[in-house]
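One structure below.
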Amino acid sequence: MKRPHLGKSERDVKNAPRTRSTPLADIIRIEHIARYDGQPVTLQGWLQLKTGKGKLQFLRVRDGTGVIQAVIFQGSVTPELLEAAKRLPLESSLVVTGVVKADPRAPGIPGGYELGVTDLQVVQESAEYPIGPKEHGVEFLMDNRHLWLRSNRQWAILRVRATIIKAMRDWLDDNGFILVDTPILTPSAAEGTTTLFQTDFHGEPAFLAQTGQLYNEANIFAVGKTYCFGPTFRAEKSKTRRHLQEFWMVEPEIAFCKLEDLLEIEEQYVSYIVQITLAERANELKLLERDTTALAKVIAPFPRISYDDAVAMINAAAARGVTVPPNDEPLPAIAWGDDFGAPAETFVASQFDRPVFVHHYPSAIKAFYMEPEPGRAEVCRSADLLAPEGYGEIIGGSERMSDPDVLLAAIDRHGLPRQAYAWYIDLRRYGSAPHSGFGLGVERTVAWICGLDHIRETIAFPRMLNRLNP
RNA sequence: UCCUCGGUAGCUCAAUUGGCUGAGCAAGCGGCUGUUAACCGCAAGGUUGGAGGUUCGAGUCCUCCCCGAGGAGCCA
């Protein structure tokens, strides 16, 4: 049967032709259910869960914006319809019409309202749905990721992620940053360190970008302040709850900007992202059982600690036998010059109630392009931002080398081919200026704000070591 | 790449010293007018990841392989 009103928005549905003998109500979205208390409405969605007591059936229906309990009483619909509802498989698609009624017993999102069903149309009777309302293992859920996304938790995460990304873009757009997209196919290792995915560019080797930063550094000389926002690729054999092979990153870059200026931008930026998300996605965070009191404190300024002081802090704690979550292993001491392991990072972050900057890392453990500190060349003008609660590094940033000779020496020292970086060196020859930038990892930020224990849930279809499908 | 743990019904798990593979849920059938992962009853569901070996006998022990999970290193 033709249903010309399907897919119409709430705004235009009133003018849509009606083809049924019984008048259909306006098609609305569940997130707006409270506006329609006492009124007849029509919902388009899927059967998420079903319980029943014989001649009384409870259908939990979700429509992508929320979940509501639809109640079917014997007598309020035809016996055939009641019988059809009783045997309707989970995840069947349906169009249901009924009267909205406030009821504190009604579960759902937002909840508190139920639909007294007067009509029900099955669009498609679902095949047996593999994901039940019971516990499932990680492997099974990941194999069924295309279906798992429908569950409440995953739905909430998708919505929070979208808001976080919008906040990331809005703040930059509103503060004079110009979006300039950077290439994904690149001719060589941008930073020369991490493993890249290689592909074939008409017979020449090409690599999937692991950062847009070097291109950003060209773009600031055109537009002053820029950012790129896109997927990046790391072929490392990393197999932890914090790593993806393909992840999204926002990378702002600013001309005439020193490290100290950069940190002020970063703390304003992260504060905005967190506070906007708290305000606009409170329901989703509640569904995720996120304790938001820690997030509420994420307001600039953030504490700053030098690498030197962080090492001292770590070693003092290690000497006291401090242990760190999640495994309560003893915090190992480190030598000056070592990079922080996950326990050290977690410990340092745990000493503060908001994200903390660790600045002036040893140059030897950072990328070649970071500006050395004047008078102390063994450290560079870099800063990482560590998220609280063990979520680790969410930002890596630095002031970039602006002198062509210093940059050339660094490229040689790292054994990188000068020819591949000729254009990058050129930037320092035509009106060079101090400039700085950072990269913020979208998925780690989503994991942190949502309070997730694994990064695989922060993106619809994660690409991980051993996981390319679905 | 390395370390640790795991793979038994569609799903989540159990199976004593090596001794007839067993539950719950889902799916099927029947019942139930306020259920919240409902409940009650009936019936059904198995090449125990794969190959080889030890043994009277292997889900269990040994070897190799495959797959997955957590962690290390590295990073956002």
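The first sequence maps to residues 711 to 1180 in this note's numbering. Glycine included, every Cβ here is placed at the ideal spot set by N, Cα and C.
Closest Cα partner of residue i within the set the options
i       : options                              : result
Thr1002 : Gln779, Ala1026, Pro1053 and Asp1063 : Asp1063
Trp1046 : Glu1039, Pro1040 and Ala1054         : Ala1054
Phe1171 : Ala945, Gly776 and Leu954            : Leu954
Pro893  : Leu998, Pro750 and Pro941            : Pro941
Ala916  : Gly922, Phe907, Gln923 and Asp813    : Phe907
Gly826  : Leu1126, Leu759, Val787 and Glu793   : Val787
Tyr982  : Glu946, Pro1013 and Leu882           : Leu882
Phe939  : Leu988, Asp880, Leu969 and Asp910    : Asp880
Ala919  : Thr936, Glu961 and Pro750            : Glu961
Ala837  : Glu849, Asp813 and Pro799            : Pro799
Lys1076 : Gly762, Val1089 and Val984           : Val1089
Lys760  : Pro1082, Arg770, Val751 and Met1023  : Arg770
Pro1040 : Asp1048, Asp1049 and Thr1056         : Thr1056
Asp1049 : Ala1029, Pro1065, Ala1020 and Glu914 : Ala1020
Val810  : Asn929, Arg1173, Lys765 and Ala735   : Ala735
Pro817  : Phe768, Ile1159, Phe966 and Glu835   : Phe768
Trp756  : Lys765, Gly785, Glu801 and Ala795    : Glu801
Val980  : His742, Asp773, Ala1043 and Val1156  : Val1156
Pro1065 : Val1008, Asn1025 and Gly1031         : Val1008
Ala928  : Val1116, Gln831 and Arg1139          : Arg1139
Leu973  : Leu851, Ala1010 and Phe943           : Ala1010
Gly922  : Lys949, Pro1127 and Asp891           : Asp891
Arg1166 : Glu849, Lys935 and Lys844            : Glu849
Gly1147 : Arg745, Glu914 and Ser1108           : Ser1108
Glu914  : Thr905, Thr896 and Leu924            : Thr896
Ile1169 : Leu1095, Gly847, Arg863 and Gly764   : Arg863
Residue i (DSSP reduced to helix, strand or coil)
i       : result
Cys967  : coil
Gln923  : helix
Val751  : strand
Arg1086 : strand
His1145 : strand
Ser731  : Here Ser731 scores only 41 on pLDDT, less than 50, and its place in the model should not be relied on; the value that follows carries that caveat. Reduced to three states, the DSSP call for Ser731 is coil.
Val887  : First, the amino acid is wrong: residue 887 is Phe here, not Val. Coil, per DSSP.
Thr987  : helix
Gln682  : Residue 682 falls outside the range modelled here, since the chain spans only 711 to 1180, and no answer is possible.
Thr903  : With a pLDDT of only 48 at Thr903, under 50, the local geometry of the prediction cannot be trusted, and the value read off the model is given with reservation. Three-state DSSP puts Thr903 in coil, outside helix and strand.
Phe943  : strand
Glu690  : Residue 690 is absent from the model: the chain starts at 711 and stops at 1180.
Asp736  : strand
Arg1204 : Outside the modelled stretch of the chain, which goes from 711 to 1180, sits residue 1204, for which no answer is possible.
Thr1155 : helix
Leu1118 : helix
Arg1064 : coil
Arg1123 : helix
Arg1166 : helix
Leu859  : coil
Beta bridge counterpart(s) of residue i as assigned by DSSP
i       : result
Cys938  : Glu961
Met1111 : Answer by DSSP bridge pairing: none, since Met1111 is not bridged.
Pro1172 : DSSP lists no partner for Pro1172.
Ile1105 : Leu1095 and Leu1150
Thr807  : Thr752 and Asp829
His1069 : Ser1016 and Ala1093
Ala812  : Tyr823
Gln834  : Ser803
Val1034 : Glu1039
Arg763  : The displayed chain sequence assigns Lys, not Arg, to residue 763. Leu766, per the DSSP bridge assignment.
Opening and closing residue of the beta strand (DSSP E) in which residue i lies
i       : result
Ile1015 : Arg1014 to Ser1016
Leu918  : Glu914 to Leu918
Val771  : Leu766 to Arg772
Thr909  : Gln908 to Phe911
Val781  : Val777 to Phe783
Residue i - containing alpha helix (DSSP H), residue span
i       : result
Ala1093 : Counting along the chain, Ala1093 falls outside any alpha helix (DSSP H), though it belongs to the beta strand (DSSP E) covering Ser1092 to Ala1097.
Ala992  : Ala992 to Leu997
Ser1060 : Ala1052 to Ser1060
Leu851  : Val848 to Asp853
Val1008 : Run containing Val1008: none; DSSP gives neither H nor E here.
Val870  : Asn862 to Asp884
Glu790  : Pro789 to Lys796
Ile1135 : Ala1132 to Asp1136
contact_flag[the stretch 978-994, the stretch 1132-1146] where n(CB pairs < 8 Å) is 3 or more: no
Decide yes or no for the touch test of the stretch 863-879 against the stretch 1145-1152: beta carbon pairs closer than 8 Å, at least 3 of them. yes
Per the contact definition of three or more C-beta pairs closer than 8 Å, is the stretch 816-823 in contact with the stretch 776-790? yes
Can we say the stretch 1015-1029 touches the stretch 1068-1075, given the rule of at least three CB pairs closer than 8 Å? yes
Give a yes or no on contact between the stretch 1110-1124 and the stretch 1076-1086, applying the rule of three or more CB pairs nearer than 8 Å. yes
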